Amino acid sequence: MAAQLDMPPDMPPAADPMARGARPDRAGSREHLDVRLDGVTKAYGHLVAVDDISLTIERGEFFSLLGPSGCGKSTTLSMIGGFAEPTYGAIYLNGVDVSRQPPYRRDVNTVFQSYALFPHLDVYENVAFGLKRKHVDRKAIERRVRDMLALVDLTGFHDRRPAQLSGGQQQRVALARALVNRPKLLLLDEPLGALDLKLRKQMQLELKRIQSEVGITFLYVTHDQEEAMVMSDRLAVMAGGRIEQVGPPDVVYDSPATEFVAGFLGASNLMAGEVVERGGALARVRLDDGLVVQVARGRLGDRGPRVKVGVRPEKIQVLPAGQPVPEGRNSLEAVVAMTAYIGVSHQYTMEGPDGRSFSAYAQNLGTGPHPARGDRVRLCWHPEHTFVVEPSAPRAAEESSA
Amino acid sequence: MTGLAPGPGRAVAAPGRGDGPGLAPRLLSLYTWLLILYAIVPIAVMVVFSFNQAPSGRVTLKWLGFTTAWYGHAFAVADLTDALVHSLEVAFGSMIVSVILGTPLALALARYRFRGKAVTDMVIFADIAAPAVVVGASLLSFFLTLNLPRGLLTILMAHIAFNVAFVVVVVRARVSGLDRALDRAAADLGATPWVAFWKVTFPLILPGIVAAGLLAFALSIDDLIITSFVSGQTLTFPLWIYGAVKTGIPPQVFVLSTFIFLGGVVLTLINTIVVRRNLP
Amino acid sequence: MSKRSNSGRTIDPALLRGLTEARVSRRGLLQAGALGLGMAALGPLAARTARAAERDWEAWWKQQKPTDELVFANWPYYIDVADKGAKNPSLDDFTKASGIKVKYLEVIQGNAPFYAKIAPVLKAGQSIGYDLMVMTNTWQLTELVMQDWLVPLWKEKLPNFKKYASPSVVSPDYDKGNRYTLAWQSGFTGIAYNPKLTKREITSIDDLWDPAFAGHVGMMSDITELGSVALLKLGIDPAKSTKADWEKAAKVLKEQKDKGLVRQYYDQSYITALEHGDTWISQAWSGDVFQANAKGFKDLKFVAPKEGVMLWHDNMMIPVGAKNPLSALAWMNFYYTPKTAALIEDYVNYVCPVPDAKDVILKDLQDPDVANSVLVFPTEAMYAKAHDFYTFKSYAEYQSWNSVFTPIIQG
Amino acid sequence: MSGRGKARAGAGSARAERAPARRRDRRIGKAAVPYLLGLPSWVYLLLFFLVPLASMLALSAAVGDPIVGYSYGGHFAEFLDAIGQYHRQLLRSFYYGALATLVTLAIAYPAAYWIAFHGGRHKSTYLFLIMLPFFVSFVIRTVAWQFILADQGFLFGQLKSWGLISDRFYILSTQWAVIGGLVYNGLAYYVLPLYVAIEKIDRRVVRAAGDLYADPASTFLRVILPLSAPGVFAGFLLVFVTDVGDFVNAQILGGPGTYMVGNVIQDSFFVNQDYPMAAALSSILMFLLMVAIFLYARAFGRERIQEYAA
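Chains as they are written, first to last, in the UniProt record's numbering: chain A, 1 to 402; chain B, 1 to 280; chain C, 1 to 411; chain D, 1 to 310.
Printed below as a string of structure tokens:
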């Protein structure tokens, strides 16, 4: 695990290796590094857009910066691309500090959110633009542009102007224009944001395919958690100019490190409570309404005594009210408040004993009767599926609900 | 005011309004045509009277008979022709200089934050908003105190002074409409700021620069008030006419003005067609 | 122009005043700070150029070399034309005879505006670019002379003037001995009217005050003409009038305006207004009305009202800084021949300064109407009706006239 | 959000000492770019716009006469003289300007509105037709009106010959001719900004007003008119300022009582050679117009001035 994250001094030290990422041996991994941010901060006057970010991205990795708008992810990308200078800190590409290098000297290319295709140039000239600046031999330019347009499936579009292309085609030209320069690192700034859902799904796979074909490091910025999870080898969740968590999508999803991550990445049922027993393999947390929930000891770490416990909706099993609960599960009683059928699953919103609402998904296996609105049910889930987060300052809660 | 009811566009029929445009839009359409007629009447007078007989070489109010003679002698009034040449010289000169001066400032205003930007905005605004009499009087005061002889050069200086502001405004609008990401993209693809400007920014703002230049040309060639202050004994086309009005203008004035009118109209139409062609 | 301060003359007081004031301006500059650059140069504005009178003009004339160019500034429609304005036969004759090419410019629209254009240039000691110009015997001519901005004429080169000039233009009051000027044309200021519109004959200046013509009376914006006609109406000889007379005249003019009689105070455009029928009756210059008749406005009539007419003289003169002074002299001499004067006179129809031109017009040009007109070749009786303008003795006096009559036209 | 920004601003400044020093010089190089770009026109505008304005002020305080010449003397009484002698012409200029601007607005608005909302495919054609006078010199247009309005011209002459109007009737040389000329010459300058502003109005907003029970009149008054205010203001700036400072219409179409301040300034420079008077009047005119624009902008939101400066 190469990712490492400098922890702000006011945070408790990471205890859960899965959630926090291990500290690697810096010296040993240097030659494998591609991109390293060291204490990067960007301030505009009194407004701090990016706050002391340290991050390492490995060569060949598909890495995503994920976060809500205004979290600083695009600013971070701008600084790596060279369009903004960090106020403090440094950016290393291949171990070389490029913080003050202008973009046209960096071996980095960008696919812009708006594509930024040159409207006065045709597709061929757009793609050839970077190569011409590098004074690549004319024949070589022709060959490379042709190959690249073939790779993005735009053969035959050479003479079109950007305005004559569809959104998806424009997106691919932008990609080709960046990739044709064979950068060491490709930055993608929400490149699929302008596309409709179907095209977006298709392009996600396309991007993944191209990345594996060319083997270039991709740094991908998005606010779409699903997109980030589908495509990334690893991702970093950002909020308020800071990195909340770094890791492979499954780890981050299953073991969110903070309340914000829990809320932003997928849906969560979060309940506040107090740790009452840290004992053996299972710790016990008493929720504010009195119910006691069991948690795997390893997932508690040394958090507490005030914590929030969470469980993902798909991990919750919905049983008819009378049915016995399997041994060792956490469970509570609730009333179905709303049901929605979305084909692949049934989604329920339940009302718990103290009026708290829960959501739960049940895979559509095509069996049995389904609870209806007003039915009393019992919800249960495995202690292993229960995660624990520090109750964060009100801000994270605000954002996760936003 | 009821007459100005926002009726439906031709394409979209408003619910409950029946077919086609309502009464109000029809009245407004008629009104607009009347306004167009009003706008055109003096032009028609000019063109018609350029074909009138004028036995004494001065335009008369009475219709004395059709002749194309004045078109044959369009350039017969030597100092009128000279004045037109002066006007063209000043218009070309001030167009080019004001574009060269104004474009960089427009770029600076559209793309950078800098100290003094608000003041610059105010100066540009004041230059456009200042009444021509004041601009002319102040320039004349200045030239008088400097003891600078008035002539073609001072006319040129004055025209550049008011044209620069218009160029800045027009080019700036164009630059502001440009996606900043295009610049970033160029830099990202290895273009130095200099190359990025000439390969990307410049071709894209060129229509704005051309529009600004044409505006400057038009403003310059038609300016009378400011020119009247700083011209000394040099006469431009409008000044010559303004002077000649006192004693009656020769028909050549209408002839040359008709040429200018047709030239302007034709150029505009060509420009429109070219622009339409270039757009997909 | 070079400055000749070692002429032994005492320093001109005006020059002294100018210089001291220039120094004040420098102190003012420090006080006013920000106004800076604009004022720094006010010094030169005040400084006087070397006085032309200090020159030994005879020696100067002898130094001049002949050139083949002449730049002639004149009023519009004040010379003969042919071929729809393309040719001026008199000028072409001159070129043929002398080899001097004439650049003829119709740039003078009025005495005051023209003077205001050239004065700053002359004051700066620069050339105004004209070798010859034509101005009326009004204040501006006096001012040109006072400022020494005219080149005294070299009489030796003007034999024809002595030979052919009408006595009425020899040694006039405003330029004794024709030191600076030779008359180009003289003219009468009387009344023009359109009988079809007035529906009666006009005989008196009082008719300009007739309420029947309300809104259709044209008056002149030239305040010398405007003031003079009112003085005539009151029976006062303008040349001998006093400030008190001027104020009386201004009063009747104001009444005329306040009653809505006056259509407009016109410059040269009064003639267009008459032609168009905007005015029915108007102050007018004799020649203009004949020219209007000639080009088809046959209804218009010129009348010398019983109260009298103003007689004025437009004069040729050479401004200092002229590049081709000998060419200017050559033209002046050429003009004072019966043939040239006739060519021009037959076209402009003012008062000809060369009486012998009458025969040429009658015989060679076969135009008896012009030749026999008392307004072109006036009789003694006509001259008896004519009055001269008031001659201003100082700028202050001119200003005083100005302040009495200007408010009327600026309403 | 704001609370967080502040909190982190503190964190940022705490790290201030970590800022590398070498960045400073590069910053200065970059920061110079807008100044270098702006320098040529700044110098030009300073020299040929701002300094002349200052020298006009200086000249208005000069003493002397045309014969002796003028020199700076701090003679500010010229301003009082100017107002004393020419307040009528000043007031008249503002009256004509205001009236002409209002009339121009009133006749331009319906056409701009119709073209913007109902012009369909031919919008640019209509605009082009209304803009046609732009291709003819301003003086010629005014002269043409002199022709049209002449007492015995083809319009009134004909009416008079039919006996429809009195022989005495005239319009030329009256203030109505001057105001009419101002209106005509300002027309295209007003239609264009109005059209641009009205065109920008979202049709859905208009439909929404109708949906919310606004009758056509109140839709116009409460929705369309306020939304087109930027065009009204831009046109006002262009037309009002031009009209107040004009002297050509008064000269060619006016009469004995229509002298405007522009004519007086012209006369003072070019007939009477009273430079201080001309400069003082110009300064007063500039000042009064600035006050008028400021008051308008104050009444309708200040940011608009900047909008049109931009």
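Where a beta carbon is used, it is the ideal one built from N, C-alpha and C, also for glycine.
Nothing here was measured: the structure is a model prediction, and the numbers come from that model.
8 Å Cβ cut-off: residues of chain B touching residue i
i                      : result
VAL289 of chain C      : Under the 8 Å cutoff, chain B gives no residues; its nearest Cβ is about 13 Å from VAL289 of chain C.
residue 314 of chain D : This structure cannot settle anything about residue 314 of chain D, because the visible part of chain D is limited to 1 through 310.
THR110 of chain A      : ARG184, ALA185 and ASP188
For residue i, the three-state DSSP class (helix, strand or coil)
i                      : result
ILE249 of chain B      : coil
GLN273 of chain D      : coil
VAL48 of chain A       : strand
GLU156 of chain C      : helix
GLN65 of chain D       : A small correction: the amino acid at residue 65 of chain D is Asp; Gln does not occupy that position in the sequence shown. Three-state result, ASP65 of chain D: strand.
residue 412 of chain A : The structure shown does not extend to residue 412 of chain A, since chain A is modelled only from 1 through 402, so no value can be given for it.
ILE191 of chain C      : strand
HIS313 of chain C      : strand
PRO238 of chain B      : helix
ASN269 of chain A      : strand
ILE53 of chain A       : strand
GLU69 of chain C       : strand
Residues of its chain near residue i, where Cβ-Cβ distance is below 6 Å and the 5 sequence neighbours each way are ignored
i                 : result
PHE290 of chain C : ASN349
ALA194 of chain A : GLY167
ALA296 of chain A : PRO383 and GLU384
ARG172 of chain A : VAL152 and LEU154
HIS159 of chain B : VAL90, SER94 and SER220
Cβ distance (whole Å) where residue i is taken to contact residue j below 8 Å
i                 : j                 : result
LEU77 of chain A  : VAL221 of chain A : 5 Å
GLY82 of chain A  : LYS73 of chain A  : That pair is no contact at about 17 Å.
PHE63 of chain A  : SER232 of chain A : 6 Å
LEU152 of chain B : HIS86 of chain B  : 6 Å
ASN364 of chain A : VAL344 of chain A : 6 Å
THR386 of chain A : ASN330 of chain A : 6 Å
HIS158 of chain A : LEU165 of chain A : No, HIS158 of chain A and LEU165 of chain A are not in contact; Cβ-Cβ is about 12 Å, not under 8 Å.
Neighbourhood of residue i by C-beta, 7 Å cutoff - its chain only, sequence neighbours within 5 removed
i                 : result
ILE155 of chain B : VAL90, THR227, VAL230, SER231, THR234 and THR236
GLY64 of chain D  : TYR70 and SER71
ALA180 of chain C : Sequence check: residue 180 of chain C is Tyr here, not Ala. The answer, listed in chain order, is VAL145, LEU150, PRO152, LEU153 and MET317.
Within chain B, the residues that residue i reaches when beta carbons sit closer than 7 Å
i                : result
TYR35 of chain D : PHE114
SER74 of chain A : Within 7 Å Cβ-Cβ: nothing; SER74 of chain A doesn't reach chain B, min ~11 Å.
Per-residue contacts from residue i into chain A (C-beta, under 7 Å)
i                 : result
VAL195 of chain B : ARG133
ALA181 of chain B : PHE112, SER114 and ALA116
Neighbourhood of residue i by C-beta, 8 Å cutoff - its chain only, sequence neighbours within 5 removed
i                 : result
VAL143 of chain D : ILE252
ARG373 of chain A : VAL336, ALA337, MET338 and THR339
LEU187 of chain D : THR104, ILE107, ALA108, ILE130 and PRO133
TYR296 of chain D : PHE233 and PHE236
Residue i: contacting residues in chain D (beta-carbon distance under 7 Å)
i                 : result
ASP222 of chain B : SER137 and PHE138
Chain-ordered chain B contacts of residue i [CB-CB under 9 Å]
i                 : result
MET56 of chain D  : VAL134, ALA137, SER138, LEU139, LEU140, SER141 and PHE142
TYR347 of chain C : Neighbours of TYR347 of chain C on chain B: none; closest Cβ ~11 Å, over 9 Å.
Proximal residues of chain D, C-beta to C-beta of residue i below 9 Å
i                : result
SER50 of chain B : The contacting residues do not exist; SER50 of chain B stays about 11 Å from chain D at best.
Proximal residues of chain C, C-beta to C-beta of residue i below 7 Å
i                 : result
VAL245 of chain B : SER269
8 Å Cβ cut-off: residues of chain C touching residue i
i                      : result
residue 313 of chain D : This structure does not reach residue 313 of chain D, given that chain D is present from 1 up to 310, and the question cannot be answered.
Quick check for students: name the residue ranges of the beta strand (DSSP E) that lie wholly in the region 69-115 of chain D, counting only runs of 3 or more.
69-72
Residue ranges of each beta strand (DSSP E) run of no fewer than 3 residues wholly in the region 298-338 of chain A, ordered along the chain?
306-311 and 317-320
What are the complete alpha helix (DSSP H) segments, minimum 4 residues, inside the region 153-228 of chain B?
180-188, 193-196 and 202-222
Considering only residues of the region 48-135 of chain B, which uninterrupted alpha helix (DSSP H) runs meet the minimum length of 4 residues and lie entirely inside it, listed in chain order?
69-72, 78-111 and 117-129
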